[in-house]
Structure formats: structure tokens, C-alpha cells
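Straight run, no breaks: the sequence shown in our numbering ends on number 337.
Built from N, CA and C at the ideal position, the CB exists for glycine as well.
See below for the structure under consideration.
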Amino acid sequence: MKKLGCLALCLLLLAGCGARRGGDRQSQSATLFAMDTVMDLTAYGPKAQEALEAAEAEVDRLDARLSAQRPDSAVWEINQGGGAPVPVDGEMAALLERALAFYGDTGGALDVTIYPAVEAWGFPTRAYRVPDQAELAQLREVVNGGAVALTGDTVTLAPGMKLDLGAVGKGYAADRIVELWTELGVTSGLLNLGGNIHCLGAKPDGSDWLIGIRDPEDEGETLCAVAGCDMAVVTSGAYQRNFTQGGVTYHHILDPATCAPADSGAASVTVIGPSGFTCDALSTALFVMGPDRAAAYWREHRDFDMVYYTQDGALFYTSGLEGRLTLRDGLEGQMLT
Ligand code: AMP
Ligand code: MG
1 MKKLGCLALC
11 LLLLAGCGAR
21 RGGDRQSQSA
31 TLFAMDTVMD
41 LTAYGPKAQE
51 ALEAAEAEVD
61 RLDARLSAQR
71 PDSAVWEINQ
81 GGGAPVPVDG
91 EMAALLERAL
101 AFYGDTGGAL
111 DVTIYPAVEA
121 WGFPTRAYRV
131 PDQAELAQLR
141 EVVNGGAVAL
151 TGDTVTLAPG
161 MKLDLGAVGK
171 GYAADRIVEL
181 WTELGVTSGL
191 LNLGGNIHCL
201 GAKPDGSDWL
211 IGIRDPEDEG
221 ETLCAVAGCD
231 MAVVTSGAYQ
241 RNFTQGGVTY
251 HHILDPATCA
261 PADSGAASVT
271 VIGPSGFTCD
281 ALSTALFVMG
291 PDRAAAYWRE
301 HRDFDMVYYT
311 QDGALFYTSG
321 LEGRLTLRDG
331 LEGQMLT
């Protein structure tokens, strides 16, 4: 186990922890705060410095567009529509189309109209509160991904509805950075966007990256490590944002069916695949679904991998990870086939 803890630590060191910019000519690292989280970026090769600058500018651009909180962001403008159509550009239309496709495909578990509920629980402002049953019932009236009307260049929300792209934004940002770095000719890089890990290519020496998945109950411990290259490794966990009131802990992943924190039996869900957006959307959705529905979803799709850790301490993983997953000593995992 200590070996894995050490690996995770090495990885973080490699990714350039701390508020600094540094590295030799062939690798550059930066740490920044954007999208409400700390981001560590490392690029290798002669274009590393240029790559970091491009990534920082892109993250700032996306933060300014996708934040539900920032006045004048594209999402904020959509949320002010009050029932009228709001013009959207091609990027926003494509993002919403993809997110709404997951709404349909996950039986509503991923619902980007969740924002009124996220606000009611106090997550954006950190002024946390527990809405009562009557308020939750009202929220359920306006949380409805099926009611988003998207044409090629406008989006219309019913009065009271509001979008939140928090469940997919970091995954999308990782995909965009990978695109920019690939255009620049960067063939090796590592992104950690607040728990959304993305590996570009292989490590500079050609070997696989090794990404530790943390133990939800213990920040200093890892459950397992996944080896691979050109992959997103995205985790949704109850430990990532929560508050405790009256002895009960409430976390930030809400079940759209109840508008309350998902009580699905999940402790953390990590999704591994080529697309940051897809892995981000699925990690949130599979958390909401709970272990049984998540396993059934994987069996139907089989185009991603996952490590699912339940509140009871059970771990299961999908067969694509066979030979790539190292479990910590003493932890048993069950492979889904
Ligand atoms: P993630 O960390 O990717 O799992 O996303 C969690 C964030 O997405 C939360 O902080 C909310 O802003 C938002 N969110 C919470 N529950 C849902 C849900 N069921 N569907 C879509 N977005 C959600
Ligand atoms: Mg997500």
C-alpha cells in the first residue's frame, strides 16, 4: 500500500504541485486556480512553455463562458432567459447537445438543469443549507433536462430552470487542452484539473502513466492505480465537496429525481476512457445510478472502463482494466465481465 501512496505522491510531484511555474527546457509545469478548483498542468518537449500558456488561456476562456455563477458567462446569460430563446454559438450548442444526449442515455442521472437544486443546497456560495421536502418538490418541477429546447443556434429554458455544466466542464477543458497541445506538437503531458486527470501520450520515456485513485475515506491513501496512456481518469466522489449539519453529511452530487444528494451506495466512481467530456459526464451519472445500475449501464455500452467503490467498501472494476490495475495490498476487487 505504501508503495501506491508513494506512486501517487511521485505523480503529483511530477505534475508540478505548489504555486509555481518551473521545469527544465524539456518540461514545464504550472499550477492555477480556475473552474473553482486547483489545476496542475505539465507539458514535455520543446514547445512545453507555449503549451502551458495556451492551456492557461483556454481554461480562463472556458471558465468565463461555462460558469453558472459568473455574471455575463454564456451559461449565466442562458439562465437569465426567463422562458425566451437565448442565442448560443456553435461551441455551446455542441456542448449542450452532448450533455443532453447523456441525460437521455443515463435515464436522467446526468441532468445539466440541476442548478436550482445546487443553489438551494448552498454549494455555489458555500452558504450551506438543507431544503425541506416542500422546497425539494418545487425544485423537482424545474430540474428537467428533457425540457431544454435546443435549436441550432438558440436554447430555451422554461422560467425557473437553470443550467450547470459543473459535471462536464473540466472534462471538456481537458479535451480542449489536449487538442491545443496536439496541434502544437506536444506528445507527452499530464493534466490534473481538480481530480480530472488526463494523460496525453505516454510518459516522456515512452512508458505508461500510473494514476493513483484515492481512498474516499483517507486523503493520504490510494485504493488502486491505473496504468495507461492517452486516457482520461475522472473521479466523482462524495468526499470532493460536502458539508455536515445535524450530524449528517451532504455531498454535492445530486440525484435529479430527488434533488437531494445521491444516496446510491457509491463512495467514488472513476471512469477511464479517451474522452475527458465522456468520462466526466459518466462519472457523475454512474455515481447517481448506484453500483447495480452502473454495472448494467457498462454491460450495455462497454466503451469505457470504471473503478466503482461503494460506501460498504466493495470495489469493482471493468474487464478493460485487467492487467492495468494494481489494487492496494489487502483490498479485494471484483472484475465485471
Ligand atoms: P462532478 O464533480 O463531475 O461529479 O460534478 C459535480 C458537479 O456537477 C456538482 O458540483 C454540481 O455543480 C453538478 N451536479 C451535481 N449533480 C449533478 C447531476 N446529477 N447531473 C449534472 N450535474 C450535477
Ligand atoms: Mg463529472
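Cut-off 7 Å between Cβ atoms - residues of its own chain near residue i, not counting five sequence neighbours on either side
{"i": "Ser283", "result": "Val234, Thr235, Ser236, Val269, Thr270, Val271"}
{"i": "Arg324", "result": "Val226, Ala227, Gly228"}
{"i": "Arg140", "result": "Cys259"}
{"i": "Val143", "result": "Asp111, Thr113, Ile114, Pro116, Ala117, Pro256, Cys259"}
{"i": "Ala127", "result": "none"}
{"i": "Pro261", "result": "Tyr250, His251, Ile253, Leu254"}
Length of the line joining the Cα atoms of residue i and residue j
{"i": "Met39", "j": "Tyr239", "result": "18 Å"}
{"i": "Leu136", "j": "Phe123", "result": "15 Å"}
{"i": "Gln138", "j": "Ala55", "result": "40 Å"}
{"i": "Gly195", "j": "Val226", "result": "14 Å"}
{"i": "Ala68", "j": "Gly330", "result": "43 Å"}
{"i": "Leu32", "j": "Pro274", "result": "24 Å"}
{"i": "Ile177", "j": "Asp60", "result": "12 Å"}
{"i": "Gln245", "j": "Ile213", "result": "28 Å"}
{"i": "Ser370", "j": "Ser188", "result": "It is not possible to answer for residue 370, since the shown part of the chain is limited to 1 through 337."}
{"i": "Glu322", "j": "Asn192", "result": "24 Å"}
{"i": "Asp24", "j": "Asp208", "result": "Its pLDDT being 44, under 50, Asp24 is placed unreliably by the model, and the measurement read from it follows with that caveat. Going from the Cα of Asp24 to the Cα of Asp208 covers about 21 Å."}
{"i": "Gly206", "j": "Gly320", "result": "21 Å"}
{"i": "Glu53", "j": "Ile78", "result": "29 Å"}
{"i": "Glu221", "j": "His252", "result": "22 Å"}
{"i": "Pro338", "j": "Arg293", "result": "Only positions 1 to 337 of the chain appear in this structure, which leaves residue 338 out of reach."}
{"i": "Thr337", "j": "Arg299", "result": "8 Å"}
{"i": "Arg21", "j": "Tyr297", "result": "For Arg21, the predicted structure reports a pLDDT of 44, less than 50, and the residue's modelled location is therefore unreliable. A value from the coordinates is still provided. C-alpha separation (whole angstroms): 42 Å."}
{"i": "Ala133", "j": "Pro87", "result": "Here the sequence assigns Gln to residue 133, which means Ala is not the residue at that position. Looking at the two C-alpha atoms, the distance is approximately 35 Å."}
{"i": "Pro204", "j": "Gln80", "result": "47 Å"}
{"i": "Pro71", "j": "Leu223", "result": "39 Å"}
{"i": "Met306", "j": "His198", "result": "15 Å"}
{"i": "Tyr103", "j": "Thr151", "result": "17 Å"}
{"i": "Ala99", "j": "Leu66", "result": "13 Å"}
{"i": "Glu97", "j": "Pro85", "result": "16 Å"}
{"i": "Thr125", "j": "Thr37", "result": "14 Å"}
Contact under 8 Å by Cβ, residue i with residue j
{"i": "Met35", "j": "Ala173", "result": "yes"}
{"i": "Pro131", "j": "Ala120", "result": "yes"}
{"i": "Ala281", "j": "Val155", "result": "no"}
{"i": "Gly171", "j": "Phe277", "result": "yes"}
{"i": "Ala295", "j": "Val186", "result": "no"}
{"i": "Gly201", "j": "Asp175", "result": "no"}
{"i": "Leu163", "j": "Val288", "result": "no"}
{"i": "Asp153", "j": "Ala101", "result": "no"}
{"i": "Leu95", "j": "Leu165", "result": "yes"}
{"i": "Leu41", "j": "Ala30", "result": "yes"}
beta-carbon residue i near ligand 1 non-hydrogen atom, thresh 7 Å
{"i": "Val288", "result": "yes"}
{"i": "Ala109", "result": "yes"}
{"i": "Ser236", "result": "yes"}
{"i": "His251", "result": "no"}
{"i": "Leu348", "result": "What is shown of the chain runs 1 to 337, which leaves residue 348 out entirely."}
{"i": "Phe277", "result": "no"}
{"i": "Asp89", "result": "no"}
{"i": "Phe123", "result": "yes"}
{"i": "Asp164", "result": "yes"}
{"i": "Val118", "result": "yes"}
beta-carbon residue i near ligand 2 non-hydrogen atom, thresh 7 Å
{"i": "Leu280", "result": "First, the residue type needs correcting, since residue 280 is Asp and not Leu in the sequence shown. Answer for Asp280: yes, Cβ within range of ligand 2."}
{"i": "Thr326", "result": "no"}
{"i": "Ser283", "result": "yes"}
{"i": "Val112", "result": "no"}
{"i": "Ser67", "result": "no"}
{"i": "Val168", "result": "yes"}
Other residues of its chain near residue i: CB distance less than 6 Å, five sequence neighbours each side excluded
{"i": "Thr249", "result": "Asn242"}
{"i": "Gly333", "result": "Leu315, Tyr317, Leu327"}
{"i": "Thr106", "result": "Ala285"}
{"i": "Ala51", "result": "Ala43, Trp181, Leu184, Val186"}
{"i": "Gly82", "result": "Pro159"}
{"i": "Leu62", "result": "Ala173"}
Beta-carbon contacts of residue i that lie in its chain and below 8 Å, excluding the five residues immediately before and after
{"i": "Ala147", "result": "Thr113, Leu157, Ala158, Met161"}
{"i": "His301", "result": "none"}
{"i": "Pro291", "result": "Ser264, Gly265, Ala266, Tyr308, Thr310, Ala314, Phe316"}
{"i": "Asp89", "result": "Ala74, Asp153"}
{"i": "Pro108", "result": "Looking at the sequence shown, residue 108 is not Pro but Gly. Counting only Cβ-Cβ distances below 8 Å, and skipping sequence neighbours, we find Gly145, Gly146, Pro256, Ala257."}
Heavy atom of ligand 3 within 7 Å of residue i beta-carbon
{"i": "Gln240", "result": "This structure lacks ligand 3; the ligands present are ligand 1 and ligand 2."}
Problem set entry | Entirely enclosed alpha helix (DSSP H) segments - the stretch 244-302, minimum 4 residues | Counting whole runs of 4 or more residues, the stretch 244-302 contains the alpha helix (DSSP H) stretches 276-301.
Problem set entry | Uninterrupted beta strand (DSSP E) stretches inside the stretch 162-207 (no shorter than 3 residues) | If we require 3 residues or more, the beta strand (DSSP E) runs fully inside the stretch 162-207 come out as 189-193, 196-200.
Problem set entry | Unbroken stretches of the alpha helix (DSSP H), 4 residues or longer, contained in the stretch 33-112 | 48-66, 74-79, 90-105
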